[in-house]
Structures are given as C-alpha cells and as structure tokens.
Ligand code: PSU
Ligand code: MN
C-alpha cells in the first residue's frame, strides 16, 4: 500500500539528483493571502529557495492525489479558486479518497512532506492555541503534528493572533523543540520579539540540521519548530498591531466565526485594518523563512 503521491517534473529531477528539497504549504496561498498577492508570493518564495540552492515543493491535493511540487498553471488555478477546501490531518484521507482538491495546512503539509521523504518545510506562522481556548477548545492540529511527524518547520513563530504563552506551553508538553534563530526571545510573527524567552536558540542552519538528525538517532517522533524572526526592516511593532488584532478577535466572536474559519477570518480582517501592511510583513517573513529552510535542507543532505 503506497500513498497517492504525484511529483512534479522539477521534484522528480531533484529526487533523482539527490538535491535538497523544501516543502511549502498551500493553505497560506488559498486562505492566508488575497489574490493576486498569494500567487505572486508563492512564486517569489519558490524562487528564493532555488536561489538558495534547494528545490521548492509546494504541496496541495488535486483530484485525489498528493501533489509534491506544483507547476505554474496549477499554482495559478489554486490561487484563483475561491472555494478550495482547507485540509488538515483530520480531512486529508477523506479528501483524497473522494477525489477532492484542497490546500494543505501546516499539519497536512508535514504529513505529505514526510511521505515524500522531505525533512524541511517553510511557512509563515504555525497554528496554535487560540485565545479563549479554555472555552472554545480551539487548538490547531499543527501542534499535534509537530509532536508526531519528523519534519523541521521554519516559521516566524506562532501567529500573534493566538494565545502565545499557551501555544508554547502546549508545544513543550508535547515534546516539540522550539528553536529561536539568532536571538534569545521568541518572535511573534509580524514582530521580532514576543518578550517571551525562547526555550532553545540556534545561530546556524547546521545546528538545526544536527538537532533534526539527533532526534532521529534517539528514535524520537515528531519534528522541530524553528522560530525565525521577521527581518527588522519589515516588522510591525506589537503595540501597533495589538489594537487591530483585538478588533479582529472581537468581530470574530460577535459574528460567531469558529473552527477552520477563525484563522482565515482574522488574517483577512487584520489585512484590511492595517491597510495591507500585515500582508507586506507576511510576505517578507515567509521569504526569510524559505531561505533559512533551504540552508537547513542543504545541511541535511
Ligand atoms: N501561516 C500564514 N498564513 C496562514 C497559515 C499559516 O502566514 O494562512 C495557515 C497554515 O496553513 C496553518 C493554518 O496550518 O493557517 C492554521 O489553521 P488552524 O488554526 O485552523 O489550524
Ligand atoms: Mn482551529
């Protein structure tokens, strides 16, 4: 029994040549950014990875197959579609079995990357524990996936719309190494510093790759979260963002937004409330994460 994987031409060649490959998710394209910035960003990020000496593999589910690497037409179609399903661990098998098309979250992308033998994955921010989770129980499946699937995920920390202290507590409970890159504090997605001390710190891609390998040697399941701060020239200070996040959260609760819709709703409202500044920062941080992920993938060859 094998998983229904479909490799793009570029990824087939990369696998044959033993080149380093970096996985990319597709929910950030379909649910995280508006068109056309979503497809423009996807293409720029893929090129950043190539320029850094690795090969990008954007993951999505199309017509019942796990696509590892999308060609430009597939990327464009996905980015323009308005009714694409957001698929996480719980939805993946059903979507494949019933021939659906859908975008993969961090959790689902980790599963697909691991099936394809890809050990490193770059994104913007992972899902985590939502504010008010003590009432809603809304905790992203991304956390559980990091605890079980051996993929190193490079992100700018958990998204600042979440309850960051609770998110990092649960990551610790589930045994997920959280490694801040180049600083002693955890970043907060759009801003460099959350004020929270980082559990672990690395200053080179080689250290992160060595730790990834050592987890394998110890037989530990699960991956690592690399928390890579947004470049200083692109950050939005937390105090500027906070009122917009509060406003978006208030509207979400007033409108009864729940489950899968919460993250996309908050991201798009913050985009509107910041006149697009949140998107500019989001693009800069994803590109920064892609470069670091490429460097880690090269160390893992
Ligand atoms: N990072 C971004 N934008 C996004 C996401 C991450 O910069 O849209 C997506 C990822 O796919 C992540 C998902 O896995 O949001 C989390 O959704 P939820 O909280 O419903 O698990
Ligand atoms: Mn959720």
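Residue numbers (this note's numbering): 2 to 302.
Think of the CB as a built atom: it goes at the ideal place given N, C-alpha and C, for glycine as much as any other residue.
Cβ-heavy atom distance, residue i to the ligand MN, below 7 Å
i	result
residue 192	no
residue 1	Only positions 2 to 302 of the chain appear in this structure, which leaves residue 1 out of reach.
residue 247	no
residue 263	yes
residue 269	no
residue 260	yes
residue 74	no
residue 139	yes
Inter-residue CB distance, residue i and residue j (contact presumed, cutoff 8 Å)
i	j	result
residue 179	residue 201	6 Å
residue 228	residue 182	7 Å
residue 314	residue 291	In the structure as shown, the chain begins at 2 and stops at 302. Residue 314 is therefore absent and cannot be evaluated.
residue 1	residue 62	Residue 1 cannot be examined here, being either before or after the span of the chain that is shown, 2 to 302.
residue 141	residue 69	Contact flag wrong, Cβ pair sits at about 23 Å.
Cβ-heavy atom distance, residue i to the ligand PSU, below 7 Å
i	result
residue 92	no
residue 103	no
residue 160	yes
residue 32	yes
residue 67	no
residue 229	no
residue 60	no
residue 46	no
residue 142	yes
residue 155	no
residue 26	yes
residue 107	yes
residue 9	no
residue 304	Any answer about residue 304 is impossible in this case: the structure gives the chain only from 2 up to 302.
residue 83	no
First through last residue of the beta strand (DSSP E) which encompasses residue i
i	result
residue 220	From DSSP, residue 220 is part of no beta strand (DSSP E); its letter is neither H nor E.
residue 121	121 to 123
residue 25	22 to 25
residue 68	66 to 69
residue 101	Residue 101 -> no beta strand (DSSP E), and no H or E assigned at all.
residue 132	Segment: none, residue 132 is in no beta strand (DSSP E) and carries neither H nor E.
residue 88	86 to 88
residue 226	225 to 228
residue 155	153 to 156
Reference residue i, options the options, closest by Cα
i	options	result
residue 278	235, 299, 254, 255	235
residue 51	176, 209, 21	21
residue 260	134, 95, 110, 37	134
residue 94	213, 109, 32	109
residue 121	68, 58, 87	58
residue 148	204, 25, 129, 98	129
residue 27	7, 85, 14, 101	85
residue 136	185, 245, 91, 164	164
residue 169	146, 151, 197, 41	197
residue 37	10, 55, 263, 77	77
residue 119	40, 186, 45, 224	224
residue 32	125, 298, 222	125
residue 116	188, 245, 60	60
residue 29	42, 17, 3, 23	42
residue 214	92, 270, 263, 151	151
residue 188	39, 239, 167	239
residue 287	257, 12, 49	49
residue 245	157, 275, 11, 3	275
Unbroken alpha helix (DSSP H) run spanning residue i, endpoints
i	result
residue 38	38 to 52
residue 5	Looking at the DSSP string, residue 5 is not in any alpha helix (DSSP H), and its letter there is neither H nor E.
residue 57	From DSSP, residue 57 is part of no alpha helix (DSSP H) but of the beta strand (DSSP E) over 56 to 63.
residue 271	263 to 274
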